[in-house]
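Novice: Take a look at the following structure, please.
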Amino acid sequence: MTIDVLVCRGDGTQLLEQREVPEDYFETAPQEPQ
Amino acid sequence: MEKTSQYQLNQWAAEDRILREDFNRDNANVEAGLVALGERVTAEQSAREQAVSSAKSQLEAAKADKTALEALQAQVDALPFVKLREFTTSAEAAQVDVDMSGIDLRQYAYVLVVPRLSSGSSTIYLRLNGISDAYYFREASSRKYLVFFQSFSRDCNTLIKLMGMGNGVAAISEYVAKSGDGFQDYASMDTNSGVSASTLQALSFMTDDSTVKISAGGKITIYGVKL
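These protein sequences, in sequence, are chains S and R. Just so it is clear: in the first sequence, position 33 is 749 by the working numbering, and no numbers are missing. Just so it is clear: in the second sequence, position 69 is 192 by the working numbering, and no numbers are missing.
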């Protein structure tokens, strides 16, 4: 899938770019109790 | 009668008449010339003295500036914190990457990350270089993120300390978040084996839901704490 990534560069500028990531990219399990 | 070439003073030849007026004119011309010369010498001397005095003042001011600058530098050197990065996010995004190139974690006791990011009520996770594989460890178990914290919009204040450790990066993270009528605190120590201090390029902040964005207007500040 394609996601928006806001890149904050070392020189202080920012760039909104699109990036292709795997379908399970947002899986974070196992999670700790919150 | 002949005249001298430069100042036109009389030069008598043998056949010339000697007149008082000629002597008086010559003497008047000589006096006027001497007076003008004297005035010029006085003016030049005064200008030179002024220039020397002005140069002295500038030198003394520069010395004072240098001393003040050295004192200021000493104060700066004595400060334990160095601000390395500061961003206010300009757009909402599924992920926010902060460029860490040029920051060597080993130069510092630790690098302190203060993320004030909001994503509704969702948890926000930190990965290194955007790596989503399970290269992150807490105690004996692996997982897909280095640390997590709550949205700043939930009154959550988070501090993350990053350290270069051997071939990996270690993190000590702490946060306090509002929970019901009270507050919830959390602390963890985590490591990552896929990224080392020398290969760390970016801190990647994201949620665990591709449809939930990190809001614009969040602030990320990063300090180096000197050894």
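Don't be surprised by glycine CBs; every beta carbon is placed ideally from N, CA and C. These figures come from a predicted structure and were not determined experimentally.
1) Counting only runs of 3+ residues fully inside the segment 257–295 of chain R, write out the beta strand (DSSP E) ranges in chain order.
2) Run the CB neighbour count on R/Tyr298, radius 10 Å, all protein chains shown included, and call it buried at 16 or more, exposed below.
3) I want to see whether chain S comes within less than 8 Å of R/Lys267, judged by CB atoms only; does it?
4) I need the DSSP call for R/Phe210, collapsed to helix, strand or coil.
5) Output yes or no for whether 8 Å exceeds the beta carbon distance between S/Phe742 and R/Ser333.
6) Counting only beta-carbon separations shorter than 8 Å, does S/Leu743 have a partner in chain R?
7) Grouping DSSP H, G and I as helix and E and B as strand, with all else coil, what is R/Asn252?
8) Quick one: grab the DSSP three-state call for R/Val175.
9) On the DSSP letters alone, give me the boundaries of the beta strand (DSSP E) that R/Asp313 sits inside.
10) Would you call the segment 318–331 of chain R and the segment 177–197 of chain R in contact, with 3 or more CB pairs under 8 Å?
11) Using a Cβ-Cβ cutoff of less than 8 Å, which residues in the same chain neighbour R/Pro203 once the five nearest sequence positions on both sides are dropped?
12) Which stretch, first to last residue, makes up the beta strand (DSSP E) that contains S/Glu739?
13) Does any residue of chain S bring its CB to less than 8 Å from the CB of R/Thr212?
14) Please list, in chain order, all residues of the same chain as S/Gln730 whose beta carbon is under 7 Å from its beta carbon, the five residues on each side excluded.
15) Counting only C-beta atoms, is R/Ala232 closer than 8 Å to chain S at any point?
16) Work out the CA separation of R/Ala214 and S/Glu736 for me, nearest whole Å.
17) If you measure from the beta carbon of R/Ala217 to each beta carbon in chain S, is any gap under 8 Å?
18) For the putative contact between R/Ile247 and R/Phe272, defined by C-beta atoms under 8 Å, what is the C-beta separation to the nearest angstrom?
19) Pull up the distance between the alpha-carbon of R/Ser302 and that of R/Lys186, whole angstroms please.
20) Name the two residues that bound the continuous beta strand (DSSP E) containing R/Arg239.
Specialist: For this structure:
1) Listed in chain order, they are 259–261, 264–266, 270–273, 280–288.
2) If you number the second sequence from 1, residue 298 of chain R lands on position 175. Buried, because 16 or more other Cβ atoms sit within 10 Å of the Cβ of R/Tyr298.
3) Position 144 of the second sequence, counted from the first residue, corresponds to residue 267 of chain R. Residue-level contact by beta carbon holds for R/Lys267 and chain S, with a gap shorter than 8 Å.
4) As a working mapping, residue 210 of chain R is identified with position 87 in the second sequence. R/Phe210 falls in the strand class under three-state DSSP.
5) Residue numbering aside, residue 742 of chain S sits at position 26 when the first sequence is read from its first letter. Residue numbering aside, residue 333 of chain R sits at position 210 when the second sequence is read from its first letter. Result yes, Cβ atoms of S/Phe742 and R/Ser333 sit closer than 8 Å.
6) By 1-based counting over the first sequence, the position of residue 743 of chain S is 27. The displayed chain sequence assigns Glu, not Leu, to residue 743 of chain S. Chain R contact via Cβ: present.
7) As a first step, residue 252 of chain R is located in the second sequence; it is residue number 129 there, counting from the start. DSSP places R/Asn252 in coil when its eight states are reduced to three.
8) By one-based count along the second sequence, residue 175 of chain R stands at place 52. DSSP places R/Val175 in helix when its eight states are reduced to three.
9) The count along the second sequence starts at 1 and reaches residue 313 of chain R at position 190. Per DSSP, R/Asp313 belongs to the beta strand (DSSP E) from 305–315.
10) Contact between the segment 318–331 of chain R and the segment 177–197 of chain R is absent: fewer than 3 CB-CB pairs across the two stretches fall below 8 Å.
11) Counted from its first residue, the second sequence places residue 203 of chain R at position 80. Excluding sequence neighbours, R/Pro203 sits near Val348, Lys349.
12) In the first sequence, residue 739 of chain S corresponds to position 23, counting from 1. It is not in any beta strand (DSSP E) - S/Glu739 carries neither H nor E in the DSSP assignment.
13) Counting from one through the second sequence, the residue named residue 212 of chain R turns up at place 89. Answer yes: the Cβ-Cβ gap between R/Thr212 and chain S drops below 8 Å somewhere.
14) Along the first sequence, one-based indexing puts residue 730 of chain S at 14. Only Leu722, Val723, Cys724 meet the Cβ criterion.
15) Taking the first residue of the second sequence as 1, we reach residue 232 of chain R at position 109. With 8 Å as the cut-off, R/Ala232 does not count as an interface residue toward chain S.
16) As a working mapping, residue 736 of chain S is identified with position 20 in the first sequence. As a working mapping, residue 214 of chain R is identified with position 91 in the second sequence. Near 19 Å, if we compare the C-alpha coordinates of R/Ala214 and S/Glu736.
17) As a working note, residue 217 of chain R is residue 94 in the second sequence. Yes, R/Ala217 counts as interfacial toward chain S.
18) Locating residue 247 of chain R in the second sequence gives position 124, where the first residue counts as 1. Locating residue 272 of chain R in the second sequence gives position 149, where the first residue counts as 1. Confirmed, Cβ separation roughly 6 Å.
19) Counting from one through the second sequence, the residue named residue 302 of chain R turns up at place 179. Counting from one through the second sequence, the residue named residue 186 of chain R turns up at place 63. Their backbone Cα atoms lie some 58 Å apart in a straight line.
20) Here residue 239 of chain R corresponds to residue number 116 of the second sequence, with the count starting at 1. Taken as a continuous stretch (DSSP letters only), the beta strand (DSSP E) holding R/Arg239 covers 231–239.
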